[in-house]
Amino acid sequence: MVRERFPRVYPAYGRGMKRSPFAPGFWRSPLRGPWLTSVLGVVLLGGITVLFVTGLVSYAAYNPDLSPVNDKTPDKGILGFYLFSWPTDPHWLYRLNQGVHVTLGITLIPVLLAKLWSVVPRLFTLPPARSLAHALERISLLLLVGGALFEFVTGVLNVQLDYIFPGSFYPLHFYGAWVFFAAFLAHVALKTPMALRNLRHMRESREEKDDLVSPDPAEPTVSRRGALWFVGGGSLLLFATSVGQNFDGLRWTALLAPHGPADPGDGPNGFQINKTAAYAGIRPADTTDEAWRLVVTGRTGTVRLSRAELLQLPLHSAALPIACVEGWSTSDQWWRGVRLRDLAALVGYDDSPDVLVESLQQRGAFRRAALRANQVADPRSLLALFVNGEELSPDHGHPARVIVPAAPGVLNTKWVARMTFGDL
Ligand SMILES: Nc1nc2c(c(=O)[nH]1)N[C@H]1C(S)=C(S)[C@@H](COP(=O)(O)O)O[C@H]1N2
Ligand SMILES: [Mo]
């Protein structure tokens, strides 16, 4: 019966035209309509706002304004206007921020796909633009949809495959975020009033006028609420199989998360490893007590310390996690070593300055990192020699690694060889 109405409502289209996605009768799911689109839209409004904020915050945590060594987007210009000195408290700050960013991003994938599915007929409207305003709106939608797909795809690739774009993930994801969020804001400003109205008094009868409602709907196989449960269930499944990468005891539940190149095994050093010593090209011969020296440079010159000499300095402990930009983190581990600020004092600084930390590693992205004065000054910031009561394993950075509260994992340089204190 509904089918018969179709040619009368759209006399310009013959039945054969339904094969074309541009024909109104082509899209036949009875689920499409303003209510479904509005529910999904409101979920994304909240979710994507959180993703944007946690993403910008995560970028600030890298100290990109401190040193060219840390800056992955040298041409960020005014987009870096908001950068601030990353605090060291609370010590789980980056772990929380990045866990939320990555886990929420993964969880929202089904919602994003469902939202795009719910409006896909609009991609195929003819004529492509009825007016200048309509043309502008469609271009902004292109940026919106393209931006969303781009951000989710680059994010997931970084989380899953590590560094598929060598060195260039940050600029892509960072600039993409701004383009996407600008289009997102315009979209939200235009659509929120209508979406809220749709949600408040939604009657099926009112839906008939909307262009998302198929003029020629197929028999329903599932209710709209059923469809929402399906999307929500997909999100829940993704959440349940990725959130565990943030907790040592639950890591096995994170079926979707990468588990690192090496099984860290049990025992004191049995927690997640990102890059193994072998991968980083660390030669065991360079890390022996005879060969290894820590070279510390500062105001008063250069000091070279053997491991035995380091052990003569006051040793301190701190319980701190490792939290990677990729969204995995460890529970707090007990690190023991020399305070960074004590090393600064050795080369003439009573007030902690910035420091550039370089590792034995000859190549690769994360062989050096710059820390800000407030990070050096924190008494929990250590050049760690031990973890959980045992010497660092080769993969965790033996003979010595940096560990700083609240900082992204990438700033916690392993296999440290050289520290240069001074304003960066
Ligand atoms: N020299 C060096 N230090 C490094 C890295 C590296 O590749 N080389 N990776 C960093 C990154 S990205 C993270 S998340 C942490 C991982 O620490 P873990 O392997 O001890 O868990 O170490 C950091 N320190
Ligand atoms: Mo990392």
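For the working numbering, add 19 to where a residue sits in the sequence shown, where the first one is 1.
Positions of the beta carbon are idealized from the N, C-alpha and C atoms, including for glycine.
- Counting other Cβ atoms within 10 Å of its Cβ, Lys228 stays below 16 and is therefore classed as exposed.
- In the DSSP secondary-structure assignment, Ser336 is bridged to Arg355.
- Relative to the non-hydrogen atoms of ligand 2, the Cβ of Gly428 comes within a distance shorter than 7 Å of at least one.
- The residues Val315, Thr316, Gly317, Arg318, Thr319, Gly320, Thr321, Val322, Phe440, in chain order, have a CB closer than 8 Å to that of Val366 in the same chain once the five nearest residues on each side in sequence are set aside.
- Counting only the Cα atoms, His206 lies some 12 Å from Leu155.
- Here Pro140 is buried, its C-beta having at least 16 other C-beta atoms within 10 Å.
- Less than 8 Å separates the beta-carbon of Gly428 from that of Ile341.
- Bridge pairing for Gly320: Gly317 [DSSP].
- Each residue's CA atom was taken as its position, placing Arg382 and Ala299 some 8 Å apart.
- Counting along the chain, the unbroken alpha helix (DSSP H) around Val62 starts and ends at 53-79.
- Nearest to Val198 by C-alpha distance, out of Ala392, Leu168, Phe258, Leu218, is Leu168.
- Two segments are said to touch when three or more pairs of C-beta atoms, one from each, lie closer than 8 Å; by this definition the stretch 36-53 touches the stretch 232-251.
- Counted as a single uninterrupted DSSP element, the alpha helix (DSSP H) harbouring Arg244 occupies residues 243-259.
- Classified as exposed, Gly96 has fewer than 16 neighbouring CB atoms from the shown chains inside 10 Å of its CB.
- With the rule of 3 Cβ pairs closer than 8 Å, the stretch 70-78 does not count as touching the stretch 256-266.
- Comparing alpha-carbon positions, the option among Gly174, Gln352, Trp105, Val241 lying closest to Leu50 turns out to be Val241.
- For Thr439, the uninterrupted beta strand (DSSP E) segment begins and ends at 435-440.
- Checking the 7 Å criterion, the Cβ of Val374 is out of range of every heavy atom belonging to ligand 2.
- Following the DSSP letters along the chain, one finds Leu112 inside the alpha helix (DSSP H) bounded by residues 112-126.
- Note on Ala327: under 16 other CB atoms within 10 angstroms of its CB, so exposed under the neighbour-count rule.
- Beta-carbon to beta-carbon, Leu375 and Arg358 are separated by about 17 Å, too far to satisfy the 8 Å threshold.
- Leu209 and Val76 have their C-alpha atoms spaced approximately 27 Å apart.
- Contact between the stretch 388-399 and the stretch 97-111 is present: 3 or more CB-CB pairs across the two stretches fall below 8 Å.
- Taking 8 Å as the upper bound for CB-CB distance, Thr92 and Phe188 are not in contact here, some 10 Å apart.
- Leu123 is the residue among Thr173, Ser348, Leu123 whose C-alpha sits nearest the C-alpha of Leu255.
- Of the residues assessed, Phe103 falls on the exposed side of the cut-off, its CB having fewer than 16 other CB atoms within 10 angstroms.
- Secondary structure remark: continuous beta strand (DSSP E) runs of at least 3 residues inside the stretch 344-427, in chain order: 352-358, 374-378, 387-390, 401-406, 420-422.
- Straight through space, the alpha carbons of Val138 and Glu170 are spaced by roughly 19 Å.
- Around the CB of Trp248, fewer than 16 other CB atoms lie within 10 Å, so the residue is classed as exposed.
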